[in-house]
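Notes follow the structure.
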């Protein structure tokens with residue numbers, strides 16, 4: 072299995088990217104192709120003891136920055152590490168991981184790898200780091216959606232949670248401002264109807280924002296704007312919580328003693344909220360696995376993103392996505408025949 076890595080994407084590239092990739096190569100039965108500036112990547116491979124029999128370095132002259140226009144990956148900077156990596160994936164790779172520009176990765180994946188015919192748009196699916204993980208999609212790629220987009224993501228997200236996280240019959244929720252069927256925008260109301268009528272979707276109804284942390288569902292569908300705002304609020308509240316705890320436990324000698332007594336429990340709690348444990352966000356609906364790692368990923372996050380990518384490639388989820396796409400193609404053809 073060949074996992075292709077954008078070595079130049081992310082805030083801490085290429086150091087943390089190569090470090091995490093080297094750790095993954097040592098621990099997993101995979102080959103890794105690092106795409107980036109070979110003059111910078113090669114010394115780091117030596118530094119972190121990258122197994123040479125599991126390594127290939129493909130040089131890329133250009134780096135795509137977080138400020139670049141997303142379409143630069145297929146236009147003005149198509150020879151960047153992300154663009155080269157995506158084309159390698161299309162030709163022969165098994166999965167691709169990047170911590171680079173999110174918009175560019177979504178645009179490049181859509182145009183180079185492409186979703187299956189029948190799938191309207193791939194979605195960025197983020198695992199919300201609770202004691203019981205919740206897959207939220209879309210979490211930032213598609214701000215304008217239709218009810219059918221959301222219905223497709225509910226099916227694709229269910230496949231991912233079943234195959235990757237072992238959830239036997241994933242529960243699907245629709246993020247809204249109330250649990251009643253009539254709550255939400257017109258798109259959400261229409262989506263509720265579609266999901267309720269779909270016999271192959273384990274739909275539990277609308278989910279309010281205040282309910283998310285209790286993990287009432289395994290898959291949470293929404294538009295990319297709402298999903299991204301929700302994700303950032305959860306991340307911000309996690310930082311606020313642990314900041315407050317740190318201040319509280321360092322306030323006095325007594326509180327410091329209390330911290331020592333609670334240290335293991337607090338570490339366990341922090342780990343539950345740690346996004347690096349999940350590695351990254353898969354782009355659901357593409358014809359090959361693509362994982363978007365967080366922009367500030369450290370070596371551990373990259374390691375877990377590679378592990379996630381390898382699992383994604385092994386489980387046959389892509390074949391199941393193709394089955395969903397085929398269903399929608401057949402549905403479209405039947406509607407066209409009926410209208411003649």
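Residue numbers (this note's numbering): 72 to 411.
Every residue gets a Cβ at the ideal spot worked out from N, C-alpha and C, and that includes glycine.
Computed from a predicted model, the values in this text were never measured in an experiment.
Beta strand (DSSP E) segment containing residue i, residue limits
i: residue 276; result: 273–278
i: residue 363; result: 361–364
i: residue 176; result: Residue 176 -> not in any beta strand (DSSP E); alpha helix (DSSP H) instead, spanning 173–179.
i: residue 357; result: Note, residue 357: premise wrong, no beta strand (DSSP E); not H, not E.
i: residue 291; result: 290–292
With 16 other Cβ atoms within 10 Å as the buried cut-off, status of residue i
i: residue 290; result: buried
i: residue 360; result: buried
i: residue 145; result: buried
i: residue 284; result: exposed
i: residue 105; result: buried
i: residue 94; result: buried
i: residue 299; result: buried
i: residue 114; result: exposed
i: residue 143; result: buried
i: residue 256; result: exposed
i: residue 163; result: exposed
i: residue 304; result: exposed
i: residue 192; result: buried
i: residue 203; result: exposed
i: residue 259; result: buried
i: residue 312; result: exposed
i: residue 333; result: exposed
i: residue 328; result: exposed
i: residue 160; result: buried
i: residue 390; result: exposed
Residue i - DSSP class collapsed to helix/strand/coil
i: residue 299; result: helix
i: residue 77; result: strand
i: residue 258; result: helix
i: residue 325; result: helix
i: residue 352; result: strand
i: residue 85; result: coil
i: residue 114; result: helix
First and last residue of the uninterrupted alpha helix (DSSP H) at residue i
i: residue 401; result: 388–409
i: residue 126; result: Residue 126 -> not in any alpha helix (DSSP H); beta strand (DSSP E) instead, spanning 126–130.
i: residue 105; result: Note, residue 105: premise wrong, no alpha helix (DSSP H); beta strand (DSSP E) at 102–107.
i: residue 373; result: 370–385
Decide if the stretch 316–330 is in contact with the stretch 238–247; the criterion is three or more beta carbon pairs, one per stretch, under 8 Å apart. no
Is it true that the stretch 87–95 meets the stretch 132–148, where meeting means three or more beta-carbon pairs spaced less than 8 Å apart? no
Decide if the stretch 359–369 is in contact with the stretch 164–180; the criterion is three or more beta carbon pairs, one per stretch, under 8 Å apart. yes
Identify every run of the alpha helix (DSSP H) within the stretch 194–248, keeping only runs that are complete inside it and at least 4 residues long; order them along the chain. 218–236
With a threshold of 8 Å, are at least 3 pairs of Cβ atoms found where one atom belongs to the stretch 291–299 and the other to the stretch 245–261? yes
Three or more C-beta pairs under 8 Å: does that hold for the stretch 120–133 against the stretch 384–403? no
Restricting to runs no shorter than 3 residues, where is the beta strand (DSSP E) found entirely within the stretch 117–167? 126–130
Are the stretch 220–234 and the stretch 265–274 touching, with three or more C-beta to C-beta distances below 8 Å? yes
If we count Cβ pairs, one from each stretch, closer than 8 Å, do we get three or more for the stretch 151–159 versus the stretch 252–264? no
I'd like to know if the stretch 375–384 and the stretch 206–216 are in contact, where contact means that at least 3 CB-CB pairs between them fall below 8 Å. no
For the pair the stretch 176–189 and the stretch 367–376, tell me if three or more CB-CB distances fall below 8 Å. no
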